[in-house]
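Chemist: Heads up: the sequence lines are chains A and B, in that order.
No gaps in the numbering here: position 94 of the first sequence is 339 in my numbering, and each next residue is one more.
No gaps in the numbering here: position 139 of the second sequence is 384 in my numbering, and each next residue is one more.
Heads up, the beta-carbon is just placed ideally off N, CA and C, and yes, glycines get one too.
Sharing a structure with you now.
Protein chains: 2
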Amino acid sequence: MANSTIKKLEKRWSKNLFICVGLDSDYKRLPNRTGDIASDIFEFNKAIIDSTFDLVCAYKPNAAFYEAYGTDGLTALKKTSTYLKENYPDIAVILDAKRGDIGSTNEGYVSSIFDNLKMDGVTVSPYLGQEALEPFLERKDKLIIVLAKTSNPGSAEFQDLVVGEGGKPLYQVVAERVARNWNKNGNCGVVVGATYPSELVQVRKLIGDLPILIPGLGTQGGEIENTVRSGMASGGWGMIINSSRGIIFASDGKDFAQKARDVAMDLNKRLLLLKDS
Amino acid sequence: MANSTIKKLEKRWSKNLFICVGLDSDYKRLPNRTGDIASDIFEFNKAIIDSTFDLVCAYKPNAAFYEAYGTDGLTALKKTSTYLKENYPDIAVILDAKRGDIGSTNEGYVSSIFDNLKMDGVTVSPYLGQEALEPFLERKDKLIIVLAKTSNPGSAEFQDLVVGEGGKPLYQVVAERVARNWNKNGNCGVVVGATYPSELVQVRKLIGDLPILIPGLGTQGGEIENTVRSGMASGGWGMIINSSRGIIFASDGKDFAQKARDVAMDLNKRLLLLKDS
Chain A
246 MANSTIKKLE KRWSKNLFIC VGLDSDYKRL PNRTGDIASD IFEFNKAIID STFDLVCAYK
306 PNAAFYEAYG TDGLTALKKT STYLKENYPD IAVILDAKRG DIGSTNEGYV SSIFDNLKMD
366 GVTVSPYLGQ EALEPFLERK DKLIIVLAKT SNPGSAEFQD LVVGEGGKPL YQVVAERVAR
426 NWNKNGNCGV VVGATYPSEL VQVRKLIGDL PILIPGLGTQ GGEIENTVRS GMASGGWGMI
486 INSSRGIIFA SDGKDFAQKA RDVAMDLNKR LLLLKDS
Chain B
246 MANSTIKKLE KRWSKNLFIC VGLDSDYKRL PNRTGDIASD IFEFNKAIID STFDLVCAYK
306 PNAAFYEAYG TDGLTALKKT STYLKENYPD IAVILDAKRG DIGSTNEGYV SSIFDNLKMD
366 GVTVSPYLGQ EALEPFLERK DKLIIVLAKT SNPGSAEFQD LVVGEGGKPL YQVVAERVAR
426 NWNKNGNCGV VVGATYPSEL VQVRKLIGDL PILIPGLGTQ GGEIENTVRS GMASGGWGMI
486 INSSRGIIFA SDGKDFAQKA RDVAMDLNKR LLLLKDS
């Protein structure tokens, strides 16, 4: 029984829509700046959304780009989320926040992310363990996506350390625990970077059909063909393949929204070719 | 050569001030609520600060309690930080945010926490590794406090896993790497919970005189005597011993600020007795 967020994703996946657009809307890089930060960021996001909504399974704003601008950034984030809920209620919105504190403190983040910002999903860091993250895991209708193998070049430092008797790298132990223990409400997923296709294969074996959020496409070096071959679930679904800068900053001119659409369409075409091959 | 944040701490430590007051100012629990959230949270913090400033080495607001109230919470956080800078510039202010994203994205958090909110220090999660956290580590005048062994009951799930040939638990590997590699600018510390005194002893052995932020006193079950015996650096310094709810919610009445002072004074007395024993 999929929850309402996973159902949204499955509906889009069934239309061969796997791309997630990362709304990493760094104000300094926006082509439509007027000086009204909250409004400019929102208008940029709105233009990106309106020109890509039929090509994606999800949107994923990263909290850091909004927090950088204080209350203005937060206002833009909330307006973006509200706009998506009102106009595109079938598309999942995931806040990439990589949060994780002790249990009672996480209630503050849960309240902010799900009740105030109305997000459908969130990324969390596993370091404090399942017990600490219960306030997230208890939200049965949301998608709680746990960092396993992150896309950055230095992710091996701790994530690849071989742990315990089993002799598995830490990222696999995390993925396995999420699938076996943390997912009691059927609301968990994991993060694996597109920059690590062989690790993606390993994680897919360990977690069955759980959703995998896959960042790192494009600017960070991940290739969509490799990613899809490595990350596909048994039903051909289960992937939220994120591209951020590669889509939203495809052009730094006034045609940014059209160029974003072009890149997203190209990614989808390459996905379809793979599917038919 | 200590940086300016560590110098601030050392000056307080030299006066036997080791207590950090955790400004976990959960709006629902404030005794001074009028309905104006931003103002109420700030006034509560101001009262706590004004009645404890001569007893502490640092203040530590936890971001979750502010984010829970959106732009109002953020306004209260910024007002609190500004108030501290203007009135008590010698006291370090640490944002407990447990942040950690990929490198370029962390720049947004760094900008928010250090440039906008003017914090002196921040807690970060180690999971993505040193390379990802460089935007934090490059801030030479700040204190970057890396989670090693957190205070929550379930922190063992990953932190106590034995890794690699050396056969050390992960939290020790993290602490060791922070001391040996991450601390190249002399601006790092680690978090170890007061609820784990024997782990605190192990970490202190591994990291020399680096600052340890020690949460978990009081409500969470940590005892100050045990904590101090376990966490002291060679010079008798090096500890930021945090108590949040045990101090700020010592009373739920109008006498909350006086009662907070009483609890902080009592903790300091117990510290001095230890020192003389």
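Could you give the residue range of the beta strand (DSSP E) that holds GLY434 of chain A?
Modeler: 433-437
Chemist: Does the contact criterion of 3 or more C-beta pairs under 8 angstroms hold for the stretch 388-400 of chain A versus the stretch 364-383 of chain B?
Modeler: yes
Chemist: Nearest CA to the CA of GLY453 of chain B: which residue from B:ALA420, B:ILE469, B:THR464?
Modeler: B:ALA420
Chemist: DSSP beta-bridge partners for ASN307 of chain B?
Modeler: Looking at the DSSP output, ASN307 of chain B sits in a beta bridge with B:ASP341.
Chemist: Interface residues of chain B around PRO442 of chain A at Cβ under 8 angstroms?
Modeler: Ordered by position in chain B, no residue passes the 8 angstroms Cβ test against PRO442 of chain A, which lies about 18 angstroms from the chain.
Chemist: Against chain A, with Cβ distances strictly below 9 angstroms, would VAL446 of chain B count as a contact?
Modeler: no
Chemist: Can you give me the Cβ contacts of VAL516 of chain A inside the same chain, cut-off strictly under 7 angstroms, excluding the 5 residues immediately before and after it?
Modeler: It should be noted that the sequence gives Leu, not Val, for residue 516 of chain A. Only ASN261, PHE263, ILE469, VAL473 meet the Cβ criterion.
Chemist: If I'm right that SER488 of chain B touches GLY348 of chain B with Cβ under 8 angstroms, what's the distance once you round it to whole angstroms?
Modeler: Between GLY348 of chain B and SER488 of chain B the Cβ distance is about 34 angstroms, and since that is not below 8 angstroms, they are no contact.
Chemist: How long is the line joining the alpha carbons of THR368 of chain A and GLU383 of chain A, rounded to whole angstroms?
Modeler: 15 angstroms
Chemist: Consider the Cβ of PHE287 of chain A: report whether some Cβ of chain B lies at a distance smaller than 9 angstroms.
Modeler: False, the Cβ-Cβ gap to chain B never drops below 9 angstroms.
Chemist: Distance check for SER356 of chain A and PHE310 of chain B, CA to CA, integer angstroms please.
Modeler: 10 angstroms
Chemist: Less than 9 angstroms between CB atoms is the rule here; does PHE263 of chain A satisfy it with respect to chain B?
Modeler: no
Chemist: For VAL423 of chain B, which of B:LEU455, B:LEU329, B:THR325 has the nearest alpha-carbon?
Modeler: Checking every option, the nearest Cα to that of VAL423 of chain B belongs to B:LEU455.
Chemist: Is there a C-beta anywhere in chain A that falls below 9 angstroms from the one on ARG278 of chain B?
Modeler: no
Chemist: I need the DSSP call for LEU322 of chain A, collapsed to helix, strand or coil.
Modeler: helix
Chemist: Could you check whether TYR328 of chain B and LYS291 of chain B sit closer than 9 angstroms to each other, using their CB atoms as the reference points?
Modeler: yes
Chemist: Of all the CB atoms in chain C, is at least one closer than 9 angstroms to the CB of ASN428 of chain B?
Modeler: The displayed structure is made up of protein chains A and B, and chain C is not among them.
Chemist: What did DSSP end up calling ILE389 of chain B once you bin it into helix, strand or coil?
Modeler: strand
Chemist: What residue range does the beta strand (DSSP E) around SER296 of chain A cover?
Modeler: Note, SER296 of chain A: premise wrong, no beta strand (DSSP E); alpha helix (DSSP H) at 282-297.
Chemist: Report buried or exposed for PRO306 of chain A, applying the criterion of at least 16 other Cβ atoms within 10 angstroms of its Cβ.
Modeler: buried
Chemist: So what's LEU262 of chain A in DSSP terms, helix, strand or just coil?
Modeler: coil
Chemist: Provide the residue(s) that pair with THR368 of chain B in DSSP beta bridges, ordered along the chain.
Modeler: According to DSSP, which records beta bridges pairwise, THR368 of chain B is partnered with B:ILE390.
Chemist: Return the first residue and the last residue of the alpha helix (DSSP H) that ILE492 of chain A is part of.
Modeler: 490-493
Chemist: My guess is that PHE287 of chain A and LYS324 of chain A are in contact by the Cβ rule of under 8 angstroms, so how many angstroms apart are they, rounded?
Modeler: 4 angstroms
Chemist: Mind checking PRO334 of chain A: buried by the 16 CB within 10 Å criterion, or exposed?
Modeler: exposed
Chemist: What are the boundary residues of the alpha helix (DSSP H) that includes LYS469 of chain A?
Modeler: One detail in the question is off: residue 469 of chain A reads as Ile in this sequence, not Lys. Counting along the chain, the alpha helix (DSSP H) containing ILE469 of chain A begins and ends at 469-476.
Chemist: Between GLY491 of chain A and the rest of its own chain, which residues show a CB-CB distance below 7 angstroms, the 5 nearest in sequence each way excluded?
Modeler: LEU462, GLY463, THR464, VAL508
Chemist: Using CA atoms only, rank isn't needed, just tell me which of B:VAL418, B:ALA401, B:VAL338 is closest to LEU406 of chain A.
Modeler: B:VAL418
Chemist: Pick from B:ILE459, B:GLY498, B:ASN361: whose alpha carbon is nearest that of TYR441 of chain B?
Modeler: The candidate whose alpha carbon is nearest that of TYR441 of chain B is B:ILE459.
Chemist: Rounded to whole angstroms, how far is the Cβ of ASN430 of chain B from the Cβ of LYS385 of chain B, which I believe are closer than 8 angstroms?
Modeler: 5 angstroms
Chemist: With a CB to CB cut of under 8 angstroms and the five nearest residues on each side skipped, what residues in its chain are close to LYS330 of chain B?
Modeler: Only VAL338, LYS363 meet the Cβ criterion.
Chemist: With a CB to CB cut of under 6 angstroms and the five nearest residues on each side skipped, what residues in its chain are close to CYS433 of chain B?
Modeler: ILE389, VAL423, TRP427
Chemist: Indicate whether at least one CB of chain B lies closer than 9 angstroms to the CB of ASN487 of chain A.
Modeler: no
Chemist: What residues of chain B sit near ALA313 of chain A, judged by a beta carbon separation below 9 angstroms?
Modeler: Near ALA313 of chain A (Cβ distances below 9 angstroms), the residues of chain B are GLU352, GLY353, TYR354, VAL355, SER356, SER357, ASP360, ASN361.
Chemist: Name the residues in the stretch 492-505 of chain A whose C-beta lies less than 9 angstroms from a C-beta of chain B; which are they?
Modeler: Near chain B, meaning a CB-to-CB distance below 9 angstroms, no residue of the stretch 492-505 of chain A qualifies.
Chemist: Using a Cβ-Cβ distance cut-off of 9 angstroms, determine whether ARG528 of chain B contacts chain A.
Modeler: Chain B is shown only over 246 to 522; residue 528 of chain B falls outside these bounds and no answer can be derived.
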